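Engineer:
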Amino acid sequence: MTDHDHKKRDDCPPEQRFFGRRKGKTLSPRQYSLVDRMMPEIGVVLPGGSGAPFVPSDMYSTPKTKIWLEIGFGKGEHIAWQAKANPEIGLIGCEPYLNGVVGLLQHIDEGEIDNIRVYGDDARHVIRALPDASVERVFLLHPDPWPKKKHAKRRFVNPANLDDIARILKDGGEFRVGTDHPLYREWTSIQMTARSDFLWLAEGPQDWLVRPDDWPETRYEAKALEGKATYFRFARVARS
Ligand SMILES: C[S@@+](CC[C@H](N)C(=O)[O-])C[C@H]1O[C@@H](n2cnc3c(N)ncnc32)[C@H](O)[C@@H]1O
Numbered sequence: 011m012t013d014h015d016h017k018k019r020d021d022c023p024p025e026q027r028f029f030g031r032r033k034g035k036t037l038s039p040r041q042y043s044l045v046d047r048m049m050p051e052i053g054v055v056l057p058g059g060s061g062a063p064f065v066p067s068d069m070y071s072t073p074k075t076k077i078w079l080e081i082g083f084g085k086g087e088h089i090a091w092q093a094k095a096n097p098e099i100g101l102i103g104c105e106p107y108l109n110g111v112v113g114l115l116q117h118i119d120e121g122e123i124d125n126i127r128v129y130g131d132d133a134r135h136v137i138r139a140l141p142d143a144s145v146e147r148v149f150l151l152h153p154d155p156w157p158k159k160k161h162a163k164r165r166f167v168n169p170a171n172l173d174d175i176a177r178i179l180k181d182g183g184e185f186r187v188g189t190d191h192p193l194y195r196e197w198t199s200i201q202m203t204a205r206s207d208f209l210w211l212a213e214g215p216q217d218w219l220v221r222p223d224d225w226p227e228t229r230y231e232a233k234a235l236e237g238k239a240t241y242f243r244f245a246r247v248a249r250s
């Protein structure tokens, strides 16, 4: 991707722009060769302006009836765990940080995982391309908290993104949000309880304070700089 492409993409309202890092430490030749070898095979290619529909289940070598999406997978340990534990599911992982993408490719390569497809850019491109009610589960784990008030529009949990996530989730599908940041915890509960298309799956504090067995710890959670994590699970309310 050229600087010109980045400028074009970033020439949009702040709530649609990506503000994180795209590159960190220089990749080793071995890491570059992993990207060159694997991305043509397992990289997500969106239809773009071709007008063709995006059919996520077609991306896998064996047919998948259920699709899960992870937004901002970091170094990929969570999505790799889910893929191994749920071989019948087709997973899509989105992460604009190239060093993170390499981390996931290493998990996929070493673990011989064949049910993950990788998008090395902003998850919102994939979300916009996905058909209505096409996804069973969406993960958003430790999103950048953007704690300053003037940066609130950058938070991934925002009304426009939640509208899109509600659109792509099947009825009864699940949206999981993990955060260790007190402000983001409060922000998420306010944003989500204001909505009629999501139901918070919690009957008491144990439901958000204790990590479910099928929710492995991520790198950011392990760092837990801001405190103990909160595990939000929301169900997509059935469309009438
Ligand atoms: C704080 S890190 C958490 C990473 C990982 N989920 C974890 O828990 O270890 C947030 C990640 O979200 C990614 N991210 C931010 N905005 C994104 C977007 N619009 N689409 C996809 N990923 C995004 C960042 O690049 C970063 O890797």
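11 is the number of the first residue of the sequence shown in my numbering; add one for each residue after it.
A virtual CB, placed ideally from N, CA and C, is assigned to each residue, including glycine.
The model shown is predicted, which means the values in this text are computed figures rather than measured ones.
(1) Which runs of the alpha helix (DSSP H) spanning at least 4 residues fall entirely within the stretch 96–182, listed in chain order?
(2) Is residue 240 close to ligand 1? I mean its beta-carbon at under 7 Å from any heavy atom of the ligand.
(3) Is the stretch 45–62 close to the stretch 84–92, with three or more CB pairs under 8 Å?
(4) Is the closest heavy atom of ligand 1 to the C-beta of residue 134 under 7 Å?
(5) Going by the beta-carbon positions, is the gap between residue 54 and residue 165 smaller than 8 Å?
(6) Classify residue 15 as buried or exposed, calling it buried when 16 or more other Cβ atoms lie within 10 Å of its own Cβ.
(7) Taking 8 Å as the threshold (C-beta atoms), are residue 84 and residue 230 in contact?
(8) Can you tell me whether residue 248 is buried or exposed? The criterion is at least 16 other CB atoms within 10 Å of its CB, across all chains shown.
(9) Since residue 233 is in the alpha helix (DSSP H), which residue starts that stretch and which ends it?
(10) Out of curiosity, what's the CA-to-CA distance linking residue 104 and residue 80?
(11) Please state if the CB of residue 145 and the CB of residue 44 are separated by a distance shorter than 8 Å.
(12) How long is the line joining the alpha carbons of residue 191 and residue 114, rounded to whole angstroms?
(13) Given residue 157, which residues of its chain have a CB within under 6 Å of its CB, disregarding the five upstream and five downstream residues?
Structural biologist: On the basis of the data shown:
(1) 108–121, 133–139, 169–178
(2) no
(3) no
(4) Relative to ligand 1, the nearest heavy atom lies less than 7 Å away from the CB of residue 134.
(5) Taking a C-beta distance under 8 Å as the contact criterion, residue 54 and residue 165 do not qualify as a contact pair.
(6) Unreliable placement is indicated for residue 15, whose pLDDT of 43 sits below 50; the coordinate value is still reported in the next sentence. Residue 15 should be labelled exposed.
(7) yes
(8) exposed
(9) 229–233
(10) 6 Å
(11) no
(12) 24 Å
(13) Once the five neighbours on either side are set aside, the close Cβ partners of residue 157 are 193.
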